[in-house]
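K.L.:
The listed protein sequences derive, respectively, from chains A and B. The first sequence begins at 1129 in the numbering used here and counts up one residue at a time. The second sequence begins at 1129 in the numbering used here and counts up one residue at a time. Ideal placement from N, C-alpha and C gives every residue a C-beta, glycine not left out.
There are 2 protein chains.
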Amino acid sequence: MKKSIPKKTVQRLLLYYRSLNFLLQQGIKNISSKSLAGLMEIRDSQVRKDLSYFGHLGKRGAGYDVLELRDKIARILGIEQVKNVCIIGMGSLGSALAAYKGFAALGFKVRAVFDNASHKVGRKIRGYECRPMEAMEKIIRQEDIEIAVLTVPADAAQEIAVRLEKCGIKAILNFAPVKLSLSRRVKVSNVDLAMEIKTLSFFIK
Amino acid sequence: MKKSIPKKTVQRLLLYYRSLNFLLQQGIKNISSKSLAGLMEIRDSQVRKDLSYFGHLGKRGAGYDVLELRDKIARILGIEQVKNVCIIGMGSLGSALAAYKGFAALGFKVRAVFDNASHKVGRKIRGYECRPMEAMEKIIRQEDIEIAVLTVPADAAQEIAVRLEKCGIKAILNFAPVKLSLSRRVKVSNVDLAMEIKTLSFFIK
DNA sequence: TAGATTGTTAATCGATTAACAATC
DNA sequence: TAGATTGTTAATCGATTAACAATC
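#1: Say whether chain A places a C-beta atom closer than 8 Å to the C-beta of K1091 of chain B.
#2: Taking Q1153 of chain B as the reference, give the member of B:L1195, B:A1233, B:V1241 with the closest Cα.
#3: Between B:I1288, B:I1159, B:D1320, which has its C-alpha nearest D1193 of chain B's C-alpha?
#4: Report yes if the CB atom of V1277 of chain A is closer than 8 Å to the CB atom of A1304 of chain A, and no otherwise.
#5: Give me the Cα-Cα distance between A1232 of chain A and I1253 of chain A, rounded to the nearest whole angstrom.
#6: Should E1274 of chain B and A1299 of chain B be called a contact, given that it needs their Cβ atoms to be closer than 8 Å?
#7: Any contact of the segment 1317-1324 of chain B with the segment 1143-1152 of chain B, i.e. 3+ C-beta pairs under 8 Å?
#8: Here's the rule: buried if 16 or more other CB atoms are within 10 angstroms of the residue's CB, otherwise exposed. What is S1132 of chain A?
#9: Just the Cα atoms here: how many angstroms apart are L1164 of chain A and Y1144 of chain A?
#10: Nearest chain A C-beta to G1250 of chain B closer than 8 Å, yes or no?
#11: Against chain B, does A1285 of chain A count as a neighbour if the rule is that its beta carbon must be under 8 Å from one of theirs?
#12: Label A1190 of chain A either buried or exposed according to how many other C-beta atoms from any shown protein chain fall within 10 Å of its C-beta, with 16 as the threshold for buried.
#13: Return the chain-ordered list of same chain residues with a C-beta closer than 6 Å to the C-beta of K1177 of chain B, the five sequence neighbours on each side being excluded.
#14: To test your reading of the DSSP string, which unbroken beta strand (DSSP E) runs of 3 or more residues are found completely within the segment 1161-1226 of chain B?
#15: Given that L1234 of chain B touches chain A, what residues does it touch there, using C-beta distances under 8 Å?
#16: Report yes if the C-beta distance between N1212 of chain A and E1271 of chain A is below 8 Å; otherwise report no.
#17: So within the segment 1227-1301 of chain A, which uninterrupted alpha helix (DSSP H) runs reach at least 4 residues, ignoring any that extend past its ends?
#18: Using a Cβ-Cβ distance cut-off of 8 Å, determine whether A1227 of chain A contacts chain B.
#19: With a Cβ-Cβ cutoff of 8 Å, do L1225 of chain B and I1216 of chain B count as a contact?
Below is the structure:
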């Protein structure tokens, strides 16, 4: 039985990927787990443990080859393969995410954006034609969209999530401050901006 | 020595707060840890443990009074007391956050927004006059701003963060995909949208 | 009282870290 | 070879969960 990868490890993998790109730009060809850990203020043993899930990526006594490790992580994370996403809810947050360069850099392609406001439907927003909510299921199937970014008001989120599940979406990145109740088949990640700032402010005092 | 509160507990506290508000709207006056846990798919013992950090909030045999618990959590989280924030970087994400209602609902007040693009400075964005970056330190002190929301490009973030630390900011909510190096005095929370979607997509396969 | 449910302690689980043999 | 650093095991730490005495 293969050991399952902790979510935190996957998150750090992306941080390693970014650091390695930075190091490449600097012309640095080789790095030890200790130096890499230093860049992100974690322990060297954490770096080695994370990487060890994916085989023997370094050389004892000599550290890691920056380019090789960067490419290996890119392959592990599937950065080169395109995943189709849609954005549901073209309010200011939805529009901002439609324009967000960070998604494209990791291989995510926005294939459709949706809203139900009649003054938005048919208009171009950030270069994407805004489609009506009624067309959602059809377009998701047509465009082979696997991931939905949900930026609708809280009271609309659950209902739309159920529709998304029914038309076979695989994952939802949910910005609405509500717990979505769906079957285990659909992966849900919540980004809760209010929670982030409140938690931060709790610890200042 | 008082036991320190885990960050995860604080985050769940906000989820409890939202659920309790929802229950109040429904006219529900009393709830057990088991029912409250059921709403968010966690264990009842988790709810009781979280609440136990803050005293004896329930009644043995009878559960919790919804209104009383809601208000107690509001006080613990400091929801009624206003905290002043500023937003730095009026790109699409910064503008979306300036318009975001979720911050205001938890007592955060946007006191200033900044950008260094000359075509933005002086203009109203989402109702806030965009101020020049040169005025940042002065305005933060004048307006008693404790928290900065940082939505600038990655390559500008560290430099601005240092300026923020120097002028006494207490916390930074950082949306730039870089590790900020600052003294321990400044609390930093990172919201990494690219990481969120990449992690989600890793686990679908 | 009998039944329900809290508050808290102890057990469990999972993730981080330290330590070190393997080996470049 | 001697020094450096990996890959991995074991120890530690912290958070979640189960269990149950206290008590409403």
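P.N.:
On the basis of the coordinates in this document:
#1: Since the first and last residues shown for chain B are 1129 and 1333, residue 1091 of chain B lies out of range.
#2: Within the second sequence, numbered from 1, the residue matching residue 1153 of chain B stands at position 25. That would be B:L1195, whose Cα lies nearest to the Cα of Q1153 of chain B.
#3: The residue you call residue 1193 of chain B lines up with position 65 of the second sequence. Out of B:I1288, B:I1159, B:D1320, B:I1159 has the C-alpha closest to the C-alpha of D1193 of chain B.
#4: By 1-based counting over the first sequence, the position of residue 1277 of chain A is 149. By 1-based counting over the first sequence, the position of residue 1304 of chain A is 176. It is not a contact, given that the beta carbons lie outside the stated cut-off.
#5: Residue 1232 of chain A sits at position 104 when you count from the first residue of the first sequence. Residue 1253 of chain A sits at position 125 when you count from the first residue of the first sequence. Their Cα atoms are separated by approximately 17 Å.
#6: As a position in the second sequence, residue 1274 of chain B is number 146, starting the count at 1. As a position in the second sequence, residue 1299 of chain B is number 171, starting the count at 1. The answer is yes: Cβ separation under 8 Å.
#7: no
#8: Position 4 of the first sequence, counted from the first residue, corresponds to residue 1132 of chain A. Flag for S1132 of chain A reads exposed.
#9: For this step, residue 1164 of chain A is matched to residue 36 along the first sequence. For this step, residue 1144 of chain A is matched to residue 16 along the first sequence. Straight-line measurement puts the Cα of Y1144 of chain A at about 8 Å from the Cα of L1164 of chain A.
#10: Within the second sequence, numbered from 1, the residue matching residue 1250 of chain B stands at position 122. Chain A, which has no Cβ nearer than 8 Å to the Cβ of G1250 of chain B, makes this no.
#11: As a position in the first sequence, residue 1285 of chain A is number 157, starting the count at 1. So, not an interface residue.
#12: Locating residue 1190 of chain A in the first sequence gives position 62, where the first residue counts as 1. Residue environment: A1190 of chain A is assigned as exposed (fewer than 16 neighbouring CB atoms within 10 Å of its CB, all protein chains considered).
#13: By 1-based counting over the second sequence, the position of residue 1177 of chain B is 49. None.
#14: Those beta strand (DSSP E) runs which fall completely within the segment 1161-1226 of chain B and span 3+ residues are 1211-1216.
#15: Taking the first residue of the second sequence as 1, we reach residue 1234 of chain B at position 106. Ordered by position in chain A, the residues that pass the 8 Å Cβ test against L1234 of chain B are A1322, I1325, K1326.
#16: As a working mapping, residue 1212 of chain A is identified with position 84 in the first sequence. As a working mapping, residue 1271 of chain A is identified with position 143 in the first sequence. Cβ atoms of N1212 of chain A and E1271 of chain A: closer than 8 Å.
#17: 1229-1233, 1264-1270, 1282-1294
#18: For the purposes of this step, residue 1227 of chain A is identified with residue 99 of the first sequence, where counting begins at 1. Interface criterion met: the Cβ of A1227 of chain A is under 8 Å from a Cβ in chain B.
#19: The count along the second sequence starts at 1 and reaches residue 1225 of chain B at position 97. The count along the second sequence starts at 1 and reaches residue 1216 of chain B at position 88. For L1225 of chain B and I1216 of chain B, no; Cβs fall outside 8 Å.
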